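Working notes, beginning with the structure itself.
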Amino acid sequence: MKLAFMVNFARFITWPEESFTPANPQLALCVLGDNPFGSALSGVEGKKVGDRTLNVQQMEALGQEQQCHLLFVSRSAVGSLATLEPVLGSRPMVTISDIPGFAAAGGGIEFVLKDNRLSFIINNSVMKDRGVQASSSLLNLAASIR
Amino acid sequence: MAPGKTTLTKTQTLLFVQVLLFQGIIPSAAASETLEKYLDMDLAQLMQVAVTSVTKKAQPLADTAAAVFVISQEDIRRSGVTSIPEALDLAPGLHVARISAGKWSISARGFGGNLTGSWQHRSASDSLLTFKTYCDNNNRKEFYYEQRFNTLDLDMQYEFALGTWNNLTTGLGYRHIDGDFVDSYQVHLSDQNQDLSSAFHEDQIRLIDRELWLTLGNHAGRAEPVKQRPIAIRC
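In the order they appear, the protein sequences are chains E and X. If you use numbering that gives the first Met the number 0, the first sequence corresponds to residues 0 to 145, in order. If you use numbering that gives the first Met the number 0, the second sequence corresponds to residues 0 to 234, in order.
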């Protein structure tokens, strides 16, 4: 479910052209820490998002995230939250997590439950700082915007 | 058997169970939770999918031990009911009373005015204690009779982790149902009072992270018999 949300997020987000290189024209969806999606994660590999295809990567620790466009921070990687900001700098990347307080702590999108339904909080100022543009329809659907 | 009473044959009974399973009572459970299905939905549709189960953890309804009350074919056979309203009476949340040979009064809690109160406490060790009260008042007025149903629900649930692999949920529930019928010249229905108590325990053991769980569930219930079954028709 969260995976389907993320694929949908990608449809509403515009990354700067320079974040795609001829060598890496794909949209990279990365999972930092344990993979909470199981085999579903590899199931979205190659899915079309606009005119780009999804490329899925899983990483145990920070360090290989340069190519990522969407970075899902797994709960197991909660310890790396403190170092996330300085390491990522202002790279055009959307960080996503279901760790409570993630958006308030400088994350891009935080999954929340609202009326028994999955929803999300967008930290639009962080997105802007990173040069990533969230469409107004995505902002309209968000439970709240920071 | 009363004249005019609908009798269901075996095949119809089977069909009835399927109808309950796939259309009426638990629509979310029937849908298989596949990634493809979710990927075909747009964001607005995804945001409409309910993800919370009876144990208040994000998981599909079908995976929980005590999530919904299902009237199984076995239940129908064992209880000897021969019509749909009688079968519905087996479910705790539905109040069924027979008005005449072909008329039934079926009401479900939650359709009248109600009051809900809940209190939740999450401790540092990530255990969750929830108390819930629910009071429902359901009135129905027809020209030939009038009914009033009051339902009081008390629920307690405690969820905690045991090690990293076990997630235990224990719950206790009590429900008091108080039904009043105002007689008319046509119908006489005796009042109903019922006490229901239930307890459940669920243990979810993670076998493979995010892929395979073993859920052990245990549900015990006690229902005081309905005092004075109705059915007396005045002519």
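We put the beta carbon where it would ideally sit given N, CA and C, even for glycine. The structure presented is a predicted model; accordingly, all values stated were derived computationally and were not measured.
Span of the alpha helix (DSSP H) around residue i
i: Leu61(E); result: Leu61(E) -> no alpha helix (DSSP H), and no H or E assigned at all.
i: Lys127(E); result: Asn123 to Asp128
i: Thr82(E); result: Leu80 to Leu87
i: Ile83(X); result: Ile83 to Leu87
i: Ser135(E); result: Ser135 to Leu140
i: Glu109(E); result: Segment Ile108 to Lys113 is the beta strand (DSSP E) holding Glu109(E); no alpha helix (DSSP H) there.
i: Arg76(X); result: Gln72 to Ser78
i: Met40(X); result: No alpha helix (DSSP H) contains Met40(X), which DSSP labels as neither H nor E.
i: Asn34(E); result: That residue, Asn34(E), is in no alpha helix (DSSP H); it is neither H nor E in DSSP.
i: Arg10(E); result: Lys1 to Phe11
Given residue i as reference, the closest of the options once Cα atoms are compared
i: Asp135(X); options: Asp177(X), Asp88(X) and Glu145(X); result: Asp177(X)
i: Ala90(X); options: Thr81(X), Arg76(X), Arg97(X) and Ser71(X); result: Ser71(X)
i: Gly105(E); options: Ile121(E), Lys113(E) and Leu28(E); result: Ile121(E)
i: Val125(E); options: Phe19(E), Pro15(E), Lys47(E) and Gly107(E); result: Gly107(E)
i: Arg221(X); options: His175(X), Thr169(X), Ser197(X) and Ile204(X); result: Ser197(X)
i: Ser135(E); options: Asn7(E), Asp114(E) and Ile12(E); result: Ile12(E)
i: Val48(X); options: Phe4(E), Thr20(E) and Gln56(E); result: Phe4(E)
i: Gly45(E); options: Leu26(E), Leu61(E) and Gln63(E); result: Leu26(E)
i: Ile105(X); options: Trp118(X), Asp88(X) and Thr132(X); result: Asp88(X)
i: Val93(E); options: Asp128(E), Thr82(E) and Gly100(E); result: Asp128(E)
i: Gly100(E); options: Asn7(E), Gly32(E), Asp33(E) and Ser143(E); result: Ser143(E)
i: Leu151(X); options: His218(X), Asn217(X), Tyr133(X) and Ala219(X); result: Tyr133(X)
i: Pro21(E); options: Gln57(E), Gly130(E), Gln132(E) and Arg51(E); result: Arg51(E)
i: Gly78(E); options: Gln132(E), Met0(E) and Gly32(E); result: Gly32(E)
i: Asn137(X); options: Tyr37(X), His200(X), His94(X) and Val80(X); result: His94(X)
i: Met40(X); options: Pro35(E), Leu2(E) and Lys113(E); result: Leu2(E)
i: Pro15(E); options: Leu83(E), Ser89(E) and Ala102(E); result: Ser89(E)
i: Gln132(E); options: Leu112(E), His68(E) and Leu53(E); result: His68(E)
Residue i and residue j closer than 7 Å at C-beta
i: Leu34(X); j: Ala39(E); result: yes
i: Ile98(E); j: Arg74(E); result: yes
i: Glu73(X); j: Gly37(E); result: no
i: Arg174(X); j: Leu195(X); result: yes
i: Val181(X); j: Glu145(X); result: yes
i: Met46(X); j: Ser118(E); result: yes
i: Ile207(X); j: Asn165(X); result: no
i: Gly170(X); j: Gln156(X); result: yes
i: Leu70(E); j: Val86(E); result: no
i: Ser117(X); j: Lys131(X); result: yes
i: Glu59(E); j: Cys29(E); result: no
i: Val43(E); j: Val6(E); result: yes
i: Asn23(E); j: Gln66(E); result: yes
i: Asp190(X); j: Leu167(X); result: no
i: Leu42(X); j: Leu140(E); result: yes
i: Ser41(E); j: Val72(E); result: no
i: Asp179(X); j: Arg147(X); result: yes
i: Gly130(E); j: Pro91(E); result: yes
i: Arg145(E); j: Ala102(E); result: yes
Endpoints, the beta strand (DSSP E) within which residue i is located
i: Ser197(X); result: Gln191 to Ile207
i: Gly178(X); result: Asn165 to Val181
i: Val43(E); result: First-last for Val43(E): undefined, no H or E at that position.
i: Ala27(E); result: Leu26 to Leu31
i: Ser96(E); result: Val93 to Ser96
i: Phe71(E); result: Leu69 to Val72
Where residue i meets chain C, residues with beta-carbon distance less than 8 Å
i: Tyr133(X); result: In the structure shown, chain C cannot be found, because the protein chains are E and X.
heavy atom of the ligand SAH below 6 Å from residue i C-beta
i: Gly42(E); result: Because no ligand of any kind appears in the structure shown, any question about the ligand SAH cannot be addressed here.
Exercise for review: Taking a Cβ distance cut-off of 9 Å, strictly less, list which residues of the segment 24-42 of chain E are near chain X, in chain order.
Suggested key: Here the close residues are Asp33, Asn34, Pro35, Phe36, Gly37, Ser38, Ala39 and Gly42.
Exercise for review: Give the residues from the segment 39-51 of chain X that approach chain E closer than 8 Å (Cβ to any Cβ), ordered along the chain.
Suggested key: For the segment 39-51 of chain X, which is checked against every Cβ of chain E, the residues closer than 8 Å are Met40, Asp41, Leu42, Ala43, Leu45, Met46, Gln47, Val48, Ala49, Val50 and Thr51.
Point to revise | Residues of the segment 105-121 of chain E with Cβ closer than 9 Å to any Cβ of chain X, in chain order | key: Shown in chain order are the members of the segment 105-121 of chain E whose Cβ falls below 9 Å from a Cβ of chain X: Leu112, Lys113, Asp114, Asn115, Arg116, Leu117, Ser118 and Phe119.
Check your understanding: Which residues, taken in chain order from the segment 118-129 of chain X, show a beta carbon closer than 8 Å to some beta carbon of chain E?
Key -> Those would be none; no residue qualifies.
Review point. What beta strand (DSSP E) runs, 3 residues minimum, are completely inside the segment 123-152 of chain X?
Key: Positions of the beta strand (DSSP E) runs, each at least 3 residues long and wholly inside the segment 123-152 of chain X, are given as 127-140 in order along the chain.
Check your understanding: Which of the residues in the segment 132-144 of chain E, read from start to end, lie with their CB under 7 Å from any CB of chain X?
Key -> Along the segment 132-144 of chain E, going in chain order, the ones with a CB nearer than 7 Å to a CB of chain X are Leu140.
Practice item. Taking only beta carbons into account, state which residues of the segment 167-184 of chain X come closer than 7 Å to chain E, listed in chain order. Key: Listed in chain order, the positions of the segment 167-184 of chain X with a beta carbon within less than 7 Å of a beta carbon of chain E would be empty, since no residue qualifies.
Check your understanding: What residues from the segment 45-79 of chain E come within 8 Å of chain X, judged by C-beta to C-beta, listed N to C?
Key -> Flagged, chain order: Lys46.
Practice item. Residues of the segment 73-97 of chain X with a CB closer than 9 Å to any CB of chain E: list them in chain order, please. Key: When C-beta distances to chain E are compared with 9 Å, every residue of the segment 73-97 of chain X stays at or above that value.
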